[in-house]
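Heads up: the sequence shown begins at 50 in this note's numbering, then just goes up one per residue. Every residue, glycine too, gets a C-beta built ideally from N, C-alpha and C. This one's a predicted model, so the numbers in the text were calculated from it and none came from an experiment. Structure record follows, encoded as structure tokens.
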Amino acid sequence: MSHTNSPLTAPAAAPSTAPAGKRLSMFDTGLVGPALVDAFRKLDVRTQLRSPVMFVVYVGSIITTLLYVQALFGTGEAPTGFILACAVWLWFTVLFANFAEALAEGRSKAQAASLRGLKEAVTAKKLATPKHGTTWLPCPASDLRKGNHVLIEAGDVVPIDGDVVEGVASVDESAITGESAPVIRESGGDFSSVTGGTRVLSDWLVVKVTANPGETFLDRMIAMVEGAKRKKTPNEIALTILLVALTIVFLVVTVTLLPFSLYAVEVAKAGTPVTITVLIALLVCLIPTTIGGLLSAIGVAGMSRMMRANVIATSGRAVEAAGDVDVLLLDKTGTITLGNRQAAAFLPAPGVTERELADVAQLASLADETPEGRSIVVLAKQRFNIRERALENLHAEFLPFSAQTRMSGVDCGARRIRKGAADAVRRHVEALGMPFPPEVVRTVEDVARRGSTPLVVAEGGRVMGVVELKDIVKGGIKERFAELRRMGIKTVMITGDNKLTAAAIAAEAGVDDFLAEATPEDKLKLIRQYQSDGRMVAMTGDGTNDAPALAQADVAVAMNSGTQAAKEAGNMVDLDSNPTKLLEIVEIGKQMLMTRGALTTFSIANDVAKYFAIIPAAFVGTYPQLKALDVMRLASPSSAIMSALIFNALIIVFLIPLALRGVRYRAIGATALLRRNLLVYGIGGIILPFIGIKLIDVLLAALNLV
């Protein structure tokens, strides 16, 4: 049966809070329970093989457990209780590392679960022909295919991703973005894309389906935030190789210590050889287990932090690349400026007062609903208390702006008021046989030189003056660019404005460089030029004409409000469609790199104290001279080994919040950042374990546990 306007039963309303913006506490009860279960599930050998450092600890735990079983039912190499305690804390080390990764993944999975809740069973209105008013048939959204056309009316849920080909409507995208204010979607331009799961609030749209079921933006979002599917980034792979190399070195050293110990005891005819349990404990404390246990969690948490900023990253590689960016390409309109030019001054012609100019300019703008037109009305009211006149009492005929005349205006009785571009108004005035004042020509040039837009107003053949429309630079943006400069990041403004206007705004905003009269080819050429110089380039865009440059950039942030082509070209999608989000994305990327570097420094540094604990304890029986290394004066060899093992396990737990939250971001240069990390996490990583191991030793001795 065919339909034309038959309404369908609307499905339940989508949630109003963006899943991307949902805030979960560090140890949320809904996350800790599943993470504990996952920590045990991750004991699977295939999972453990993904982290070579922790796999060594995993194998050591198994061997120590077998040694405990041997000691339990036969003659053990060491006291049964000591072997058991070592085995337990080795397993705890593995489980704590698993828990850190599971907790980070759990946060992403919670976000993915919220996104799945947006996928509703929607019945679409499939059109026989792509035209409003033609017949449509009810069709399950799951049966729609790319290229189909659907009608979406007020109250309907958008069944699947698509581009608007006809109509204009307000759309509630709060289920995706968390923003309560509806957005306008219309055919043509850069705001024609609609996302499945959002809701049309008014009017109607004819939409061409751009994705098959299972390939929609929502499906990609869910796949992106699934931490379990995260691939290692290049820097993470490089760090893993370094950690593996260190582990192999320490493994070889530890293995060779056993024959040395046996030989020393045989030659000296005194002492006892080191046990395998102690050697495993020594190996685990020597290798960088802290960063090995937290490395995966840091990467997953980086993507999760990006998601909480309402940015979907296609991979950890994109997040990491954001941290390495040293060139930012930013659109002027909406990013550096507010996006709408505002009336800033009335500049009258000779013989005209400023109030007279404001009066006629406001009269010509009463029916102008553009931001520029409304700002003229407001400025006249603020400067001269000229109130808006009632349109019905004026008996006026308003002339809308057209691309042909490049003017708008009003005919009110005998009065003929026009406002528009300087050359258009000049032709209009001269056609009426009147001169265009040279003073106004100079005013127009001065306004353009300041980077503003001159709007000339004339009544009949008389030029009244110029309204200066200014592109307002966003508050605080200059300070943000100064921060980026301190970090060594170059900012480049991209605009279609002429060079004079672009230079004025670039100077006011404080960017390092600008590209004026930019075409898509110009953007692409500029990106390639920076990349050929070894620079990492980030860019934001929303239009189809931005797609080539987005595809070329190392970090490409597409606006969710933009076209499908832009979103497919980018490696990140900003759900809020806020162009300034690029600055926050860079900060999150750098924070992830800082966190990884800081914890790597800490992990390597905190091994120093363990050397002073375990090496004297393990070999003092063979080499009494090593007693001098016991600077912490630990209670006994057994207590020293246990204290080091316990600290090695617990430090992972204490660092989980830091790994998930990230090291506090500071806009400082690379040299200052390296100096700070070495001071805080290097020296701090050396001192803290000495204190921690000693406190654990005192507690074990006090409780007679060793």
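Assigned with DSSP and collapsed to three states, residue 676 falls in helix. Straight through space, the alpha carbons of residue 600 and residue 188 are spaced by roughly 35 angstroms. The three-state secondary structure of residue 385, taken from DSSP, is coil. Contact check for residue 598 against residue 378 passes: the beta carbons are separated by less than 9 angstroms.
Residues of the same chain with a CB within less than 8 angstroms of the CB of residue 125, apart from the 5 flanking positions on each side, are 116, 117, 119 and 132 in chain order. Between residue 456 and residue 582, the alpha-carbon positions lie close to 46 angstroms from each other. About 6 angstroms separates the beta carbon of residue 604 from that of residue 367, a gap short enough to meet the 8 angstroms contact definition.
With contacts defined by Cβ atoms closer than 9 angstroms, residue 338 and residue 736 do not form a contacting pair.
Per DSSP, reduced to three states, the secondary structure at residue 120 is helical. With fewer than 16 other CB atoms across the displayed protein chains lying within 10 angstroms of its CB, residue 578 is exposed.
Between residue 406 and residue 506, the CB-CB gap stays under 9 angstroms. The criterion of a C-beta distance shorter than 9 angstroms is satisfied by residue 340 and residue 645. Selection 520, 533 and 540 evaluated against residue 546 yields 520 as nearest (Cα-Cα). In this structure, 198 is the residue among 136, 198, 632 and 561 with its C-alpha nearest to the C-alpha of residue 209.
By the criterion of a C-beta distance shorter than 7 angstroms, residue 573 is surrounded in its chain by 597, 598 and 601, once the five residues flanking it on both sides are discounted. Proximity of the region 650-668 to the region 100-112 falls short of the contact definition, fewer than three beta-carbon pairs being nearer than 8 angstroms. When DSSP reads this structure, residue 466 sits in a beta bridge with 459 and 508.
Here residue 348 is near residue 285, since their CB atoms are less than 9 angstroms apart. Separation of residue 687 and residue 607 (C-alpha to C-alpha, rounded to the nearest whole angstrom) is 58 angstroms. In this structure residue 256 is not in contact with residue 624, their Cβ atoms being roughly 20 angstroms apart against a cut-off of 8 angstroms. For residue 234, the uninterrupted beta strand (DSSP E) run begins and ends at 232-235, by DSSP. Following the DSSP letters along the chain, one finds residue 551 inside the alpha helix (DSSP H) bounded by residues 548-558. With contact defined as three or more Cβ pairs closer than 8 angstroms, the region 624-640 and the region 585-593 are in contact. The continuous stretches of alpha helix (DSSP H) do not include residue 732, and DSSP gives it neither H nor E. When Cβ pairs closer than 8 angstroms are counted between the two stretches, the region 509-518 is seen to touch the region 460-474, the count reaching three or more. Apart from sequence neighbours up to five positions away, the residues of its chain that approach residue 261 with a beta-carbon distance below 7 angstroms are 194 and 195, ordered along the chain. Looking at the backbone, the Cα of residue 299 and that of residue 94 are separated by about 22 angstroms. Per DSSP, residue 246 lies in no beta strand (DSSP E) and is assigned neither H nor E. Per the coordinates, the alpha-carbon of residue 660 lies some 52 angstroms from the alpha-carbon of residue 616. Rounded to the nearest whole angstrom, the CA to CA distance from residue 655 to residue 740 is 11 angstroms.
Looking at the backbone, the Cα of residue 212 and that of residue 241 are separated by about 5 angstroms. Residue 361 is bridged by DSSP to 622. Judged by beta-carbon spacing, residue 371 lies beyond the 9 angstroms limit of residue 643, meaning their Cβ atoms are not closer than that value. Taking 8 angstroms as the upper bound for CB-CB distance, residue 486 and residue 429 are not in contact here, some 22 angstroms apart. Counted as a single uninterrupted DSSP element, the alpha helix (DSSP H) harbouring residue 405 occupies residues 403-414. Taking a contact to require three or more Cβ pairs closer than 8 angstroms, the region 84-104 and the region 137-150 qualify as touching.
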